[in-house]
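K.L.:
Just passing along the structure, written as structure tokens.
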Amino acid sequence: MKLEVVLPILIPLTAGALSLALWRSVRLQRLLGVLATGLLLAAGIWLMRSTVEQGFLVVEMGSWPAPYSIVFVSDVLSAIMVLLTGIIGLAIAIYSLASTPTGHEKFGYYPLMHLLLAGVAGAFLTGDIFNLFVWFEVMLLASFALLTLGGERAQMEGAIKYVTLNLFSSALFLSAVGLLYGMVGTLNMADIAQKVNSLEDPGMITVVSLMFMISFGIKAAAFPLFFWLPASYHTPQVAVSALFAGLLTKVGVYALYRVFTLMFTQDIGYTHNILLWAAALTMLTGVLGAAAQFEFRRILSFHIVSQIGYMLLGLALLSPLALVGGVFYIMHHIIVKTNLFLVSGITYRLMGSYELKDLGGFYRQRPYLAILFLIPALSLAGIPPLSGFFAKFIVVRASLESSEYLIAAIALVVGLLTLYSMIKIWAEVFWKQVPDHVTDGGGLNSGLQPRHTLAYYAPVIGLATCTLIIGLYGQPIYSLAEMAAHQLMNPQLYIDAVLGGQAK
Amino acid sequence: MELVFALAIGTLTSTGIYLMLRARTFPVVLGLTLLSYGVNLFLFSTGRLVRDGQPIIGGADIYSDPLPQALVLTAIVIGFAMTAFLVTLALRSHADTGVDHVDGAEQSSTTKESSGREEADQ
Numbered sequence: 001m002k003l004e005v006v007l008p009i010l011i012p013l014t015a016g017a018l019s020l021a022l023w024r025s026v027r028l029q030r031l032l033g034v035l036a037t038g039l040l041l042a043a044g045i046w047l048m049r050s051t052v053e054q055g056f057l058v059v060e061m062g063s064w065p066a067p068y069s070i071v072f073v074s075d076v077l078s079a080i081m082v083l084l085t086g087i088i089g090l091a092i093a094i095y096s097l098a099s100t101p102t103g104h105e106k107f108g109y110y111p112l113m114h115l116l117l118a119g120v121a122g123a124f125l126t127g128d129i130f131n132l133f134v135w136f137e138v139m140l141l142a143s144f145a146l147l148t149l150g151g152e153r154a155q156m157e158g159a160i161k162y163v164t165l166n167l168f169s170s171a172l173f174l175s176a177v178g179l180l181y182g183m184v185g186t187l188n189m190a191d192i193a194q195k196v197n198s199l200e201d202p203g204m205i206t207v208v209s210l211m212f213m214i215s216f217g218i219k220a221a222a223f224p225l226f227f228w229l230p231a232s233y234h235t236p237q238v239a240v241s242a243l244f245a246g247l248l249t250k251v252g253v254y255a256l257y258r259v260f261t262l263m264f265t266q267d268i269g270y271t272h273n274i275l276l277w278a279a280a281l282t283m284l285t286g287v288l289g290a291a292a293q294f295e296f297r298r299i300l301s302f303h304i305v306s307q308i309g310y311m312l313l314g315l316a317l318l319s320p321l322a323l324v325g326g327v328f329y330i331m332h333h334i335i336v337k338t339n340l341f342l343v344s345g346i347t348y349r350l351m352g353s354y355e356l357k358d359l360g361g362f363y364r365q366r367p368y369l370a371i372l373f374l375i376p377a378l379s380l381a382g383i384p385p386l387s388g389f390f391a392k393f394i395v396v397r398a399s400l401e402s403s404e405y406l407i408a409a410i411a412l413v414v415g416l417l418t419l420y421s422m423i424k425i426w427a428e429v430f431w432k433q434v435p436d437h438v439t440d441g442g443g444l445n446s447g448l449q450p451r452h453t454l455a456y457y458a459p460v461i462g463l464a465t466c467t468l469i470i471g472l473y474g475q476p477i478y479s480l481a482e483m484a485a486h487q488l489m490n491p492q493l494y495i496d497a498v499l500g501g502q503a504k
Numbered sequence: 001m002e003l004v005f006a007l008a009i010g011t012l013t014s015t016g017i018y019l020m021l022r023a024r025t026f027p028v029v030l031g032l033t034l035l036s037y038g039v040n041l042f043l044f045s046t047g048r049l050v051r052d053g054q055p056i057i058g059g060a061d062i063y064s065d066p067l068p069q070a071l072v073l074t075a076i077v078i079g080f081a082m083t084a085f086l087v088t089l090a091l092r093s094h095a096d097t098g099v100d101h102v103d104g105a106e107q108s109s110t111t112k113e114s115s116g117r118e119e120a121d122q
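From first to last, the protein sequence lines stand for chains A and B. Under UniProt numbering, the residue at position 150 of the first sequence is numbered 150, and the numbers go up by one with no gaps. Under UniProt numbering, the residue at position 48 of the second sequence is numbered 48, and the numbers go up by one with no gaps.
As structure tokens, then:
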């Protein structure tokens, strides 16, 4: 039994159950929140170390041999995602200590957060397609409840769209799983990957793959299925927004990566071409949508959509360099995007608004916060030497190498427009004077409560440091992404690792 | 049996999707429920339709595949929880906003227009 593969799921599940048992004591729940996410991060590091050493880690549940049991598989991509889940989980748990309203904490904020993390980690680690569905639902149900916690009017409106579209996507996912099972008679992803190549009806496989693409595309917020995201992500309290922004759509992206490198590579000219154009349009529409927004979190939400395009681009080109770029982009994006949401939460706490017109004067009053915003913001736009520059550089270079010049041009233009949005926030929130209609400097003069300051700033500083490290000390991260891409490009490695000797 | 089964799935799915395209929460909830019924039935059929078969190999000559049955059971349980949540959400949203439009609000002109259309429907 390789404990490190199941620990990232067991820790948050146990913590969620314990938090429920400690319903009456918010203090203990808070302590447990930080403790369990810290443990999750430690488990993620452990998992990363042994995955890098051994290549693949496979755990068969109940010790049944591979195609019959549910397997949990950790390859380098899974390990990277789990490690990022740990980092984001810990950052959010600390930030929540200060930012979460007491009412939310009393009504199950912490148990839900743990369950969400369990669902996310489970989706990253499972090697069984139906089990993936179950983890998706665990994650979704927790996210529904987190999204509506507090019950404000805007939250309800956003949640209805979010819930409806996600349920539809689940129904589609389920029927695609059913079709696939009807054809190959197995649910184990490695076994499916091995058997789809010997089917006599390749057309049907393409149909199924497109059903998966639409279903995961909705969850990843890809064009044209992204409308639920900007409608809902700015409505819950900020720690929840940041958690969603970092992890939820990336689960959809991960699922696309897994499925379209392992199982559906028969008709690359067709499926991956659709992905390519979806990626380009996702980038464009996301960034153009952001240009029209004047609310801090709405701008950031639209930028999630546009950044998803870059990740899909890495997958769509399906060359080793493109996959390196895609994986690198995911790593960079999760950290940066969460951090930007956390900064928006601090500005909200100080001045009581997310509207750009009601904010201002932060550079004069809080120069350190301004710098902490600049690091992820410039990184998102791709300014060297921050992490986003290298991520964009690799993806654009990969598209040039595949002679997709138009796509490369779109990617570059989108980078420029991202910079425009970030400058807009910078100019409005940080650079300009405190607006006249805001009386006595908003809350800027009084500032945060001293006991909250650490919990607000520590995660932001920590994540900004991660961004700087990825940018300035990128070689180890790059080689990690390279290992992940190598495994994704050679699905036979995955199949052999899961099915062992009997594969042949 | 296959024909009846296929027709049932088709009817459930198409009615479900038709209802989901309405702009009111209640039809959308019903639509999602019907769609999930359709998907569940479809999932059940992926193990092939067998009459009088045991879900055990070796017990008799005819056997049915137990795996889709397990999948359907899981999907039903999950679908039940999701529907319950969605109904609560729709009720709460209606109580808060006073309208049951999925966009949470609608312009007065479209209100008249759509309510007029609904009266015409009835």
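Every residue, glycine too, gets a C-beta built ideally from N, C-alpha and C. All of these numbers come straight from a predicted model, not from anything done at the bench.
For residue 354/A, decide whether its Cβ has a neighbour in chain B, counting only Cβ atoms nearer than 9 Å.
P.N.:
If you number the first sequence from 1, residue 354/A lands on position 354. Not one chain B Cβ lies under 9 Å of residue 354/A.
K.L.:
Run through chain B and tell me which residues come within less than 8 Å of residue 159/A, C-beta to C-beta.
P.N.:
The residue labelled residue 159/A in the question sits at position 159 within the first sequence. Those within 8 Å of residue 159/A in chain B are 89 and 93.
K.L.:
Closer than 9 Å, CB to CB, is residue 178/A near chain B or not?
P.N.:
Against the first sequence, residue 178/A aligns to sequence position 178. Yes - at least one Cβ of chain B is within 9 Å of the one on residue 178/A.
K.L.:
For residue 116/B and residue 371/A, I'd like the C-alpha separation in whole angstroms.
P.N.:
On the second sequence, position 116 is the one that residue 116/B refers to. On the first sequence, position 371 is the one that residue 371/A refers to. Confidence is the limiting factor: at residue 116/B the pLDDT is only 42, short of 50, which leaves the residue's position unreliable and the question unanswerable from this model.
K.L.:
At least one CB of chain A closer than 9 Å to the CB of residue 60/B: is that the case?
P.N.:
To locate residue 60/B, count along the second sequence from 1; it is residue 60. Output row for residue 60/B: interface = no.
K.L.:
Would you say residue 6/B lies against chain A (beta-carbon separation less than 9 Å)?
P.N.:
Walking along the second sequence from the start, residue 6/B turns up at place 6. With 9 Å as the cut-off, residue 6/B does not count as an interface residue toward chain A.
K.L.:
Distance cutoff 9 Å, beta carbons only. Does residue 12/B sit that close to anything in chain A?
P.N.:
Along the second sequence, one-based indexing puts residue 12/B at 12. It does not: the Cβ of residue 12/B has no partner Cβ on chain A nearer than 9 Å.
K.L.:
Say whether the stretch 156-173 of chain A touches the stretch 78-96 of chain B, bearing in mind that this needs 3 or more beta-carbon pairs closer than 8 Å, one atom from each stretch.
P.N.:
Touching, yes, given that three or more Cβ pairs across the two stretches are closer than 8 Å.
K.L.:
Strictly below 8 Å CB to CB, what residues from chain A border residue 32/B?
P.N.:
The residue labelled residue 32/B in the question sits at position 32 within the second sequence. Simply 164, 167, 168 and 171.
K.L.:
Using alpha carbons as the reference points, say which of 53/A, 397/A, 194/A and 31/A lies closest to residue 480/A.
P.N.:
Residue 480/A sits at position 480 when you count from the first residue of the first sequence. Looking at the Cα atoms, 53/A is the closest of the given residues.
K.L.:
Chain B partners of residue 148/A, CB-CB under 7 Å?
P.N.:
Within the first sequence, numbered from 1, the residue matching residue 148/A stands at position 148. Within 7 Å Cβ-Cβ: 89.
K.L.:
Closest to residue 321/A by CA distance: which of 405/A, 397/A and 220/A is it?
P.N.:
Start at 1 with the first residue of the first sequence, and residue 321/A comes out as number 321. Of the listed residues, the one whose Cα sits closest to residue 321/A is 397/A.
K.L.:
Helix or strand or just coil, what does DSSP make of residue 267/A?
P.N.:
If you number the first sequence from 1, residue 267/A lands on position 267. Residue 267/A falls in the coil class under three-state DSSP.
K.L.:
Using a cut-off of 8 Å between C-beta atoms, extract the partners of residue 102/B located in chain A.
P.N.:
The residue labelled residue 102/B in the question sits at position 102 within the second sequence. Result: 160, 161 and 164.
K.L.:
Taking 9 Å as the threshold (beta carbon to beta carbon), is residue 52/B in contact with chain A?
P.N.:
Translated into positions along the second sequence, residue 52/B becomes position 52. No, residue 52/B does not count as interfacial toward chain A.
K.L.:
Below 9 Å between beta carbons: does that hold for residue 463/A and residue 367/A?
P.N.:
Position 463 of the first sequence, counting from 1, holds the residue named residue 463/A. Position 367 of the first sequence, counting from 1, holds the residue named residue 367/A. Cβ distance not < 9 Å, so residue 463/A and residue 367/A don't count as in contact.
K.L.:
Taking Cβ to Cβ, would you say residue 90/A is nearer than 9 Å to residue 459/A?
P.N.:
By one-based count along the first sequence, residue 90/A stands at place 90. By one-based count along the first sequence, residue 459/A stands at place 459. Yes, these two residues count as a Cβ contact at 9 Å.
K.L.:
Got a sec? Which residues, its chain only, sit under 6 Å from residue 354/A by beta carbon, not counting five neighbours each side?
P.N.:
Within the first sequence, residue 354/A is the residue found at index 354, counting from 1. Cβ within range, chain order: 295, 296, 297 and 348.
K.L.:
Smallest Cα separation from residue 49/B: which of 2/B, 100/B, 97/B and 70/B?
P.N.:
In the second sequence, residue 49/B corresponds to position 49, counting from 1. Comparing Cα-Cα distances from residue 49/B to each of 2/B, 100/B, 97/B and 70/B, the minimum goes to 2/B.
K.L.:
Can residue 32/A and residue 109/A be called in contact, C-beta distance under 9 Å?
P.N.:
By 1-based counting over the first sequence, the position of residue 32/A is 32. By 1-based counting over the first sequence, the position of residue 109/A is 109. Contact flag unset, no.
K.L.:
Give a yes or no on whether the C-beta atoms belonging to residue 477/A and residue 351/A are separated by under 9 Å.
P.N.:
Along the first sequence, read from residue 1 onward, the residue named residue 477/A stands at position 477. Along the first sequence, read from residue 1 onward, the residue named residue 351/A stands at position 351. Cβ distance not < 9 Å, so residue 477/A and residue 351/A don't count as in contact.
K.L.:
By Cβ distance, which residues of its chain are closer than 6 Å to residue 407/A, with the 5 residues on each side in sequence left out?
P.N.:
Looking up residue 407/A in the first sequence gives position 407. Same-chain partners within the cutoff: 280 and 399.
K.L.:
Would you mind stating whether residue 8/A and residue 47/A have Cβ atoms separated by less than 9 Å?
P.N.:
For this step, residue 8/A is matched to residue 8 along the first sequence. For this step, residue 47/A is matched to residue 47 along the first sequence. Taking 9 Å as the Cβ cut-off, residue 8/A and residue 47/A qualify as a contacting pair.
K.L.:
If you draw a straight line from the C-alpha of residue 291/A to the C-alpha of residue 95/A, how long is it?
P.N.:
One-based indexing of the first sequence puts residue 291/A at position 291. One-based indexing of the first sequence puts residue 95/A at position 95. Taking the straight line joining both Cα atoms gives about 28 Å.
K.L.:
Comparing C-alpha positions only, which one of 453/A, 199/A, 342/A and 438/A sits nearest to residue 373/A?
P.N.:
In the first sequence, residue 373/A corresponds to position 373, counting from 1. When only C-alpha atoms are compared, the closest one is 342/A.
K.L.:
Consult DSSP for residue 339/A and reduce its assignment to one of helix, strand or coil.
P.N.:
The sequence position of residue 339/A within the first sequence is 339, counting from 1. Residue 339/A falls in the helix class under three-state DSSP.
K.L.:
Exposed or buried, residue 61/A, counting other C-beta atoms within 10 Å across all chains shown (16 or more means buried)?
P.N.:
Position 61 of the first sequence holds residue 61/A. Per the 10 Å Cβ criterion, exposed.
K.L.:
Tell me which residue opens and which closes the beta strand (DSSP E) that residue 355/A is part of.
P.N.:
Residue numbering aside, residue 355/A sits at position 355 when the first sequence is read from its first letter. Residue 355/A -> no beta strand (DSSP E), and no H or E assigned at all.
K.L.:
Note down, in chain order, each residue of its chain lying with its Cβ closer than 6 Å to the Cβ of residue 105/A, except the 5 sequence neighbours on either side.
P.N.:
Here the question's residue 105/A lines up with position 105 in the first sequence. The answer, listed in chain order, is 26.
K.L.:
Taking CB distances under 9 Å as the criterion, tell me whether residue 42/B reaches chain A.
P.N.:
As a working note, residue 42/B is residue 42 in the second sequence. Taking Cβ atoms only, chain A reaches closer than 9 Å to residue 42/B, which makes this a yes.
K.L.:
For residue 205/A, which residues of its own chain have a beta-carbon under 8 Å away from its beta-carbon, when the five flanking residues on both sides are left out?
P.N.:
Your numbering for residue 205/A matches position 205 in the first sequence. So the list reads 183, 196, 199, 264, 266 and 267, once near-sequence residues are dropped.
K.L.:
Hey, residue 275/A and residue 316/A: beta-carbon distance below 9 Å or not?
P.N.:
For the purposes of this step, residue 275/A is taken as residue 275 along the first sequence, with counting starting at 1. For the purposes of this step, residue 316/A is taken as residue 316 along the first sequence, with counting starting at 1. In this structure, residue 316/A lies closer than 9 Å to residue 275/A by Cβ.
K.L.:
Consult DSSP for residue 74/A and reduce its assignment to one of helix, strand or coil.
P.N.:
Reading the first sequence from its first residue, position 74 is the one you call residue 74/A. If DSSP states are grouped into helix, strand and coil, residue 74/A belongs with the strands.
K.L.:
Let me see if you follow: with CB-CB separation under 9 Å, is residue 156/A close to chain B or not?
P.N.:
By one-based count along the first sequence, residue 156/A stands at place 156. Chain B contact via Cβ: present.
K.L.:
Can you have a look at residue 142/A and say buried or exposed, based on whether 16 or more other CB atoms are within 10 angstroms of its CB?
P.N.:
The residue labelled residue 142/A in the question sits at position 142 within the first sequence. By the neighbour-count rule (16 or more Cβ atoms within 10 Å), residue 142/A is buried.
K.L.:
Checking contacts by CB at 9 Å: is residue 120/A closer than that to chain B?
P.N.:
Here residue 120/A corresponds to residue number 120 of the first sequence, with the count starting at 1. No, residue 120/A does not count as interfacial toward chain B.
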